[in-house]
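Single-structure report; data block below.
2 protein chains.
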Amino acid sequence: MKRLYQKLFILGAVLCMSACEAKNDEEKIVEEIKEIEMEEVVQPDSLLRHVVMFKFKDSTSPEKIQEVVDAFAALPSKIEQIKGFEWGTNNSPEGLNDGLTHVFTLTFHSEEGRAIYLPHPDHKAFGAVLGDSIDKVVVVDYWTH
Amino acid sequence: MKRLYQKLFILGAVLCMSACEAKNDEEKIVEEIKEIEMEEVVQPDSLLRHVVMFKFKDSTSPEKIQEVVDAFAALPSKIEQIKGFEWGTNNSPEGLNDGLTHVFTLTFHSEEGRAIYLPHPDHKAFGAVLGDSIDKVVVVDYWTH
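Here's what the structure looks like:
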């Protein structure tokens, strides 16, 4: 009988260790959920969109256009105030694009963030990449409703 | 000594039950994480943005502008192909908005969705609300990168 209880004790101890491990896993998972929830909380109700549209000059080469796209797309990794970035080329069938072919939408969380971005050295350096490749640029910013 | 092992056995049994409970909690949490991930999976990798920008005529009244905004904002509840909608008024300090003051960004999940939207009776009815209130309209669509 004593040996049985000894065995049961060992079994109990093993189960206890397993329980501790499960608890640890659970804590890790709960931590991950909290992080996911935090990210959602950090996202404000309204976002400041900054929509930049280009019409390139007819003389601008495809290589130069690619260089501009790459340089623009590199800005979010350099300027932390840029909270979102997407871009694409116009494919509207409506023919109302006024010659604009390239769209870049940046997202800020505040007008202060935009105020840091606009004169930022890395943004200025991007302007230098643009050079005289652009025929027309239209920029509209808006707080999302 | 026997009583000690008995007590330890009972302790082990209690810990075992606690472990089972922890495992159940863990399973529930893992299930929740899977659900969160599933929601993300439903969102496609790339989205079709449809950006509509208006410059209203100087003669257009604020009431008419509000009517246009309300009619546009009502479209997502009428046309299921519209998967996202946001709008706002230009507040860019750069002065490059080319007179455009109102921005509406619709999101589609496919070009088929957009092809249903464009000639949709409710979209046509919105066009009738616009009437002759608009001085200029610019539309750019792009698949997000």
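Taken in sequence, the protein lines are chains A and Z.
Just so we're aligned: the first sequence equals residues 1197 to 1341 in the numbering used here.
Just so we're aligned: the second sequence equals residues 1197 to 1341 in the numbering used here.
Even glycine gets a Cβ: it sits at the ideal position worked out from N, Cα and C.
The residues D1331, in chain order, have a CB closer than 8 Å to that of D1254(Z) in the same chain once the five nearest residues on each side in sequence are set aside.
Under the three-state reduction of DSSP, I1278(Z) is assigned to coil, being neither helix nor strand. With 16 or more neighbouring CB atoms inside 10 Å of its own CB, D1337(A) falls in the buried class.
Classified as exposed, H1341(Z) has fewer than 16 neighbouring CB atoms from the shown chains inside 10 Å of its CB.
Taking 7 Å as the cut-off between beta carbons, the residues of the stretch 1273-1306 of chain A near chain Z are E1282, W1283, G1284, T1285, N1286, N1287, S1288, E1290, L1292, N1293, D1294, L1296, V1299, in sequence order. In this structure, DSSP gives L1292(A) a state outside helix and strand, which the three-state scheme calls coil.
Given a length threshold of 4 residues, each whole run of the alpha helix (DSSP H) inside the stretch 1291-1323 of chain Z is given here in chain order: 1307-1313.
Closest by C-alpha distance to D1241(Z), out of H1305(Z), T1301(Z), S1288(Z), is H1305(Z).
M1249(A) is positioned such that its CB atom lies no closer than 9 Å to that of V1325(A). Of the residues assessed, S1257(Z) falls on the exposed side of the cut-off, its CB having fewer than 16 other CB atoms within 10 angstroms. DSSP links F1252(A) through a beta bridge to I1330(A). Not flagged as an interface residue toward chain A: Y1313(Z), since no C-beta distance is shorter than 9 Å. In terms of Cβ geometry, T1301(Z) and G1280(Z) form a close pair [threshold 9 Å].
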